[in-house]
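Residue numbers (the UniProt record's numbering), protein chains in the order written: chain A, 1 to 744; chain B, 1 to 168. Note that CB positions come from ideal geometry on N, CA and C, so glycine has one too. Inspection log for the structure reproduced underneath, given as structure tokens.
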Amino acid sequence: MNVISTHIGQPVSRIDGVAKVTGQAKYAAEPHPPGMLYGVVVNSPIAHGRIETIHDTGARQVPGVIEIMTHLNRPHAALFEKSYMDGLGVPGAPYRPLHDGEIHFNGQPVAVVFAETFEAAREAAMLVRVDYERWPHNANFEVALHQKYMPSKTRSNYVPPKPRGDAAAAYALSAVKTEGRYHLAPEHHNPMEMHATTVIVEDDGTFTVWDKTQGPQAVQAYLASALSLSKDQVRVRNPYVGGAFGSGLRAVYNVFLATLAAKMLKRAVRVTLTRPQMFTHAFRPEAVMDIALGASRDSTLQSMIVKGVTDTSRFEHNMENIVIWGLINYRCPNATADYKVAPRDTYTSSDMRAPGAATGVNLLEMAIDEMAYACGMDPLAFRLHNYSDIDAMHDMPLTSKALRDAMAQGAQHFGWHDRSMIPGSMRDGRELVGWGMATGIWDAMFSPTSARARLGQDGRLHIATAASDIGTGTYTILAQTAAEAFGMPLDRIDIELGDSALPECPTEGGSWTAASAGAAVWLACHSLRTKLFAALARCKNAPSWARQDSVKLEGGALHGMNENAQDSLSLSDALSLTGQDVLEAEETAKPGLRGKISQMRKARFTHSAVFCEVRVDPELDTVRVTRLVNAVAAGRIMNPKTAASQIRGAMVMATGMALHEESLMDERVGRFMNHNFAEYHIPAHADIPDMDVLFVNEHDDEVSPLGVKGIGEIGMCGTAAAIANAIFHATGRRYRNLPIMPGA
Amino acid sequence: MTRESVAVPCRLQINGQDYSADLPPSVTLLDLLRERLDLTGTKKGCDHGQCGACTVLVDGKRVKSCLILAVSIPDSVVTTIEGIAQDGRLHPMQQAFIDADAFQCGYCTPGQIMSAIALLEEGHIHSRAEIREFMSGNLCRCGAYNGIINAIEQVVSRQHRNQAGEAA
Ligand code: FES
Ligand code: FES
Chain A
1 MNVISTHIGQ PVSRIDGVAK VTGQAKYAAE PHPPGMLYGV VVNSPIAHGR IETIHDTGAR
61 QVPGVIEIMT HLNRPHAALF EKSYMDGLGV PGAPYRPLHD GEIHFNGQPV AVVFAETFEA
121 AREAAMLVRV DYERWPHNAN FEVALHQKYM PSKTRSNYVP PKPRGDAAAA YALSAVKTEG
181 RYHLAPEHHN PMEMHATTVI VEDDGTFTVW DKTQGPQAVQ AYLASALSLS KDQVRVRNPY
241 VGGAFGSGLR AVYNVFLATL AAKMLKRAVR VTLTRPQMFT HAFRPEAVMD IALGASRDST
301 LQSMIVKGVT DTSRFEHNME NIVIWGLINY RCPNATADYK VAPRDTYTSS DMRAPGAATG
361 VNLLEMAIDE MAYACGMDPL AFRLHNYSDI DAMHDMPLTS KALRDAMAQG AQHFGWHDRS
421 MIPGSMRDGR ELVGWGMATG IWDAMFSPTS ARARLGQDGR LHIATAASDI GTGTYTILAQ
481 TAAEAFGMPL DRIDIELGDS ALPECPTEGG SWTAASAGAA VWLACHSLRT KLFAALARCK
541 NAPSWARQDS VKLEGGALHG MNENAQDSLS LSDALSLTGQ DVLEAEETAK PGLRGKISQM
601 RKARFTHSAV FCEVRVDPEL DTVRVTRLVN AVAAGRIMNP KTAASQIRGA MVMATGMALH
661 EESLMDERVG RFMNHNFAEY HIPAHADIPD MDVLFVNEHD DEVSPLGVKG IGEIGMCGTA
721 AAIANAIFHA TGRRYRNLPI MPGA
Chain B
1 MTRESVAVPC RLQINGQDYS ADLPPSVTLL DLLRERLDLT GTKKGCDHGQ CGACTVLVDG
61 KRVKSCLILA VSIPDSVVTT IEGIAQDGRL HPMQQAFIDA DAFQCGYCTP GQIMSAIALL
121 EEGHIHSRAE IREFMSGNLC RCGAYNGIIN AIEQVVSRQH RNQAGEAA
């Protein structure tokens, strides 16, 4: 598509800004239907076993308590595990909340107390006593590694590594070798808003479910299937989502429990998780990667051997693409990789921002830095020397890869060329200064998406699609796209998202929303324009200039052209002339034949180059990140203001990955024990320096209809490695485990 | 064991309006606002005083409303995010947050804004480093930290300009 931009590409402020800064934006736990009950979940303190007895007499006596729902008294729900499958496609047998008395993981819900007030529900939940029969469990990752396996059925998005050459032989012959085991601790998403569901029972008995999710239609389908309802009995809404980062990709147990209870009690209910309960579901898997690299004396990579394992539960086989990234991104004639999963008695690990790549790219980029040093070559020069212009794993051309430009512009902006190679050689006063860099790569994806455009008598353009804006700026960029496509000022556009009743849109995740929903809105607006012009052409009482081809829609009004350049018609008048109250068009953006062929013949990725400065106190070993520069090549940038925030936000999370975040397992009970913000550290204001984001010019008509690649994940990829590499440069010490806590 | 629920008188002024009711003593100020008064602009991110999402002003000072029992601060003046816009015009800090793209999901935002307003009163605004330090009780998982500091600096410098203007 050829887009001449007046709106797309502009640094527009968020159109949902006023709602958010005034507290008017309503999140999942915030509607208050009359008669609503509060539900508080009681969780299992054991990892594996069986419920023997539930003692709820004391709890039932707390004034205001209405019901205590357990597996013994819950209403009917689907029996078979396949009814609980969700769109994420993790193979295995999904967990069925309150299905029976068996315990599969610590934190599993065993009861939900419903009361008229939150205080009563909370108090009563503490009084529920449960006796368990305990069965053996394992929560230790090292032990799980001994049981690692390859699932017989793989996850739908799993990319099997494709070996080339003879990596083992080439490694043996390499003049320069590095080898090491790299490790990433498990992490929890911890969006600021805790997962919550408010269920409203409508007069006709249907359920309106306000849920914190990234996919209202996926949750609708899940609830319908798991609760044996028809889809039109459930409507899921999530107009505002207080962050998610992947924790809202799968239905979390609160939405099932709240809807089940509403069905049972025929009353509105709300179930909100506590912060500790946010550590009882999705998390980024713990990972190890064994990486062996071989190079010739001239610093040319000759061999790459990557073996990776991530953890999963006993009942599902969660898989991530962690081992493929180096094979794709580096020109190295001999390369091989292997991947397995290791089972533990925990809940199933899950996708967290840049799943697979956040782990795999960062750990690999730490190994690449080691190899650059082993070769005695500047790390940036080393990467350029081994640069691949194609997807080297699939031997496939790319739609675009402006990584060279990103490296050059990032280095220039950072001042990389003033760096001295020797570790520990840059000081400022008593502080050790280190400069490190890394590159990032993430998929550029596109999924079929529908959108509706509607013109009303008020002359406003209304856009609707079931996308979710989890803070990503989707409201704003879709408004910009509609403004551009229709010829409408931004302030006369309404965007409606976050409702399962709207035109179909896949779950938000993987950075595909901008490319996919953007394209759908673009098509719907064009189709609506065409409809409007056609309706006017048919309409006898319309002015003659408006019934010809030479009419244009600009600034929210119709204008004549050439000799009729003075004539214009407002959109509400135009609509009245056609005799219709509304005019609407719905379109679906699909790859199409050309797109499908392109997807088979060319690979598509987003790239980045990250540069970091750290300062390390030589006595206390404390690390401060003092500068971060990220140069990103992500195709067309819809809104540089919100896009830069997306990249910065991911860099903050990657700083957490590098230095702070680690979910610690209490192996005796199989529970993540630092389950709060005092003990699970996420970066705070004082941890984060000013970060510069550069968007490299990358024109790519082939990657998606609007030339957009998506930017939600790329900021994670490479940033943690750049920090680790900077710490090496400051101290001369290699840390192969993330998070790095030299002072701890 | 059956117990009657206890209720204790609670009297507050919230966003300029008088509020009084008998409340169970276990109701936090945060839950009073969110669950009983439908003032859901004040957010709950932890309920343990660890995140700052629930920050409001009590008698002009920033506090974490999840750590305060509603009945424990009789006759206090409470200001929430819903109470800072004047006659439909955004508070300068609210406008600066929009201009500086100081949020993404918006969930930590009311707490950040209330904290930032109090920060200005406290005067901890002499450098970006000082602002960062004194805003560190307000976590933002979206990582909008740079934007938040920029927004605060914008308001500070506008105030300085205005003061200079008045002095001249
Ligand atoms: S909710 Fe009060 S500090 Fe987190
Ligand atoms: S804007 Fe999402 S947590 Fe701060």
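Review point. Pairing CB atoms from the segment 69-76 of chain B with CB atoms from the segment 202-211 of chain A, are three or more of them under 8 Å?
Key: no
Point to revise | Cβ pair Ser20 of chain B, Arg34 of chain B closer than 8 Å | key: Locating residue 20 of chain B in the second sequence gives position 20, counting from the first residue. Locating residue 34 of chain B in the second sequence gives position 34, counting from the first residue. Against a cut-off of 8 Å, the Cβ pair of Arg34 of chain B and Ser20 of chain B comes out as no contact.
Check your understanding: Say the cut is 7 Å; is the CB of Arg297 of chain A nearer than that to a heavy atom of ligand 2?
Key -> Locating residue 297 of chain A in the first sequence gives position 297, where the first residue counts as 1. Outside the cutoff, so no.
Practice item. For the alpha helix (DSSP H) holding Phe728 of chain A, just list the boundary residues, first then last. Key: Taking the first sequence and counting its residues from 1, one reaches residue 728 of chain A at position 728. Here the alpha helix (DSSP H) through Phe728 of chain A covers Thr719 to Thr731.
**Study point:** Enclosing beta strand (DSSP E) for Trp442 of chain A [first to last residue]
**Key:** In the first sequence, the residue the question calls residue 442 of chain A occupies position 442. First-last of the beta strand (DSSP E) with Trp442 of chain A: Glu431 to Asp443.
Practice item. Tell me, please, whether the CB atom of Tyr145 of chain B is closer than 8 Å to any CB atom in chain A? Key: The residue given as residue 145 of chain B occupies position 145 in the second sequence. By this cut-off, Tyr145 of chain B is an interface position.
Review point. Within the 8 Å Cβ cut-off, does Ile68 of chain B reach chain A?
Key: On the second sequence, position 68 is the one that residue 68 of chain B refers to. No, because no Cβ of chain A sits closer than 8 Å to the Cβ of Ile68 of chain B.
Check your understanding: For Val27 of chain B and chain A, any beta-carbon pair shorter than 8 Å?
Key -> If you number the second sequence from 1, residue 27 of chain B lands on position 27. Yes, Val27 of chain B lies at the interface with chain A (some Cβ there is under 8 Å from its Cβ).
Point to revise | Interface flag, Val21 of chain A vs chain B, CB-CB below 8 Å | key: In the first sequence, the residue the question calls residue 21 of chain A occupies position 21. So yes, Val21 of chain A belongs to the interface.
Check your understanding: What's the call for Met421 of chain A, buried or exposed, on a 16-neighbour Cβ count within 10 Å?
Key -> Within the first sequence, the letter at position 421 stands for residue 421 of chain A. With fewer than 16 Cβ atoms within 10 Å of its Cβ, Met421 of chain A is classed as exposed.
**Study point:** Any non-hydrogen atom of ligand 2 closer than 7 Å to residue 753 of chain A Cβ
**Key:** Residue 753 of chain A is absent from the model: chain A starts at 1 and stops at 744.
Check your understanding: If you measure from the CB of His48 of chain B, is any heavy atom of ligand 1 nearer than 7 Å?
Key -> The count along the second sequence starts at 1 and reaches residue 48 of chain B at position 48. His48 of chain B: yes, Cβ under 7 Å from ligand 1.
Exercise for review: Please specify which runs of the beta strand (DSSP E), each continuous and at least 3 residues long, are wholly inside the segment 527-614 of chain A, giving them in chain order.
Suggested key: 551-554, 557-560, 568-570 and 583-589
Point to revise | Asp56 of chain A, DSSP secondary structure in three states | key: Along the first sequence, read from residue 1 onward, the residue named residue 56 of chain A stands at position 56. Assigned with DSSP and collapsed to three states, Asp56 of chain A falls in coil, not helix or strand.
Check your understanding: If we cut at 8 Å on Cβ distances, does Val652 of chain A have a partner in chain B?
Key -> Taking the first residue of the first sequence as position 1, residue 652 of chain A is located at position 652. Put simply, the CB of Val652 of chain A is near chain B, with a gap under 8 Å to one of its CB atoms.
Exercise for review: Measure from the C-beta of Gly242 of chain A to each C-beta in chain B and report whether the shortest distance is under 8 Å.
Suggested key: Position 242 of the first sequence holds residue 242 of chain A. For Gly242 of chain A, the answer is yes, since a Cβ of chain B falls inside 8 Å of its Cβ.
Review point. If we cut at 8 Å on Cβ distances, does Glu109 of chain B have a partner in chain A?
Key: If you number the second sequence from 1, residue 109 of chain B lands on position 109. For the record, residue 109 of chain B in the displayed sequence is Thr; it is not Glu. Thr109 of chain B counts as touching chain A.
Practice item. List the DSSP bridge partners of Ser156 of chain A. Key: Here the question's residue 156 of chain A lines up with position 156 in the first sequence. According to DSSP, which records beta bridges pairwise, Ser156 of chain A is partnered with nothing at all.
Check your understanding: In its own chain, which residues sit with a C-beta less than 8 Å from the C-beta of Gly35 of chain A, not counting the 5 before and 5 after it?
Key -> Working through the first sequence from its first residue, we reach residue 35 of chain A at position 35. These residues qualify, in order along the chain: Arg267 and Ala268.
Check your understanding: Whose CB is closer than 6 Å to a heavy atom of ligand 2? List the residues in chain order.
Key -> A:Met192, A:Gly243, A:Gly471, B:Phe103, B:Gln104, B:Cys105, B:Gly106, B:Tyr107, B:Cys108, B:Thr109, B:Cys140, B:Arg141, B:Cys142 and B:Ala144
Practice item. Taking all protein chains shown into account, decide if Asn630 of chain A is buried (16 or more other Cβ within 10 angstroms of its Cβ) or exposed. Key: Numbered from 1 along the first sequence, position 630 holds the residue referred to as residue 630 of chain A. It is buried - the Cβ of Asn630 of chain A has at least 16 other Cβ atoms within 10 Å.
Review point. Under 8 Å between the Cβ atoms of Lys602 of chain A and Pro448 of chain A?
Key: Residue numbering aside, residue 602 of chain A sits at position 602 when the first sequence is read from its first letter. Residue numbering aside, residue 448 of chain A sits at position 448 when the first sequence is read from its first letter. If you check the CB distance, Lys602 of chain A and Pro448 of chain A do not come in under 8 Å.
Review point. Going by alpha carbons, who is nearest to Trp512 of chain A out of A:Asp443, A:Ala479 and A:Asp395?
Key: Locating residue 512 of chain A in the first sequence gives position 512, counting from the first residue. Checked all of A:Asp443, A:Ala479 and A:Asp395; the closest Cα to Trp512 of chain A is A:Asp443.
Review point. So, is Val65 of chain A buried or exposed, given that buried needs 16 or more other C-beta atoms within 10 angstroms?
Key: Residue 65 of chain A sits at position 65 when you count from the first residue of the first sequence. Label assigned to Val65 of chain A: buried.
Review point. Would the segment 278-294 of chain A and the segment 304-324 of chain A be scored as touching if the rule is three or more Cβ pairs under 8 Å?
Key: yes
Check your understanding: What do you reckon, is the C-beta of Cys332 of chain A under 7 Å from a heavy atom of ligand 1?
Key -> As a working note, residue 332 of chain A is residue 332 in the first sequence. No, since every heavy atom of ligand 1 falls outside the 7 Å radius drawn around the Cβ of Cys332 of chain A.
Exercise for review: Look at the alpha carbon of Ala650 of chain A and the alpha carbon of Pro110 of chain B, and state the distance between them as a whole number of angstroms.
Suggested key: In the first sequence, residue 650 of chain A corresponds to position 650, counting from 1. In the second sequence, residue 110 of chain B corresponds to position 110, counting from 1. Roughly 21 Å separates the two Cα atoms.
Review point. Does any residue of chain B bring its CB to less than 8 Å from the CB of residue 763 of chain A?
Key: Given that chain A is displayed from residue 1 to residue 744, the structure contains no residue 763 of chain A and the question cannot be resolved.
Point to revise | Proximal residues to Ser156 of chain A (C-beta, below 7 Å), its chain only, five neighbours per side dropped | key: Working through the first sequence from its first residue, we reach residue 156 of chain A at position 156. Answer for Ser156 of chain A: Gly89, listed in chain order.
Review point. Leaving out five residues before and five after Ala244 of chain A in sequence, what residues of the same chain have Cβ atoms less than 6 Å from its Cβ?
Key: For this step, residue 244 of chain A is matched to residue 244 along the first sequence. Contacts found: Pro191, Gln214 and Ile470.
Review point. DSSP on His462 of chain A, reduced to helix/strand/coil?
Key: Start at 1 with the first residue of the first sequence, and residue 462 of chain A comes out as number 462. Looking at His462 of chain A - three-state DSSP - the assignment turns out to be strand.
Practice item. Just tell me which of A:Ala261, A:Asp290, A:Thr439 and A:Pro333 has its CA closest to the CA of Ala41 of chain A. Key: For the purposes of this step, residue 41 of chain A is taken as the residue at position 41 of the first sequence. What sits at residue 41 of chain A in the sequence shown is Val, not Ala. The shortest C-alpha separation from Val41 of chain A is found at A:Ala261.
Practice item. Go ahead and pull the three-state DSSP assignment for Pro24 of chain B. Key: Residue mapping note: residue 24 of chain B aligns to position 24 of the second sequence, counting from 1. Three-state DSSP puts Pro24 of chain B in coil, outside helix and strand.
Point to revise | Residues from the segment 98-128 of chain B in contact with chain A, defined by Cβ distance under 8 Å | key: Ile98, Asp99, Asp101, Phe103, Gln104, Cys105, Gly106, Tyr107, Cys108, Thr109, Pro110, Ile113 and Arg128
Practice item. Kindly list the residues whose CB is nearer than 6 Å to the CB of Asp369 of chain A, restricted to its own chain and excluding five residues on each side of it in sequence; keep chain order. Key: Along the first sequence, one-based indexing puts residue 369 of chain A at 369. Taken in chain order, the residues that qualify are Pro379 and Asn725.
Review point. How would you call Pro11 of chain A, buried or exposed, if buried means at least 16 neighbouring beta carbons within 10 angstroms?
Key: The residue you call residue 11 of chain A lines up with position 11 of the first sequence. By the 10 Å Cβ count, Pro11 of chain A comes out exposed.
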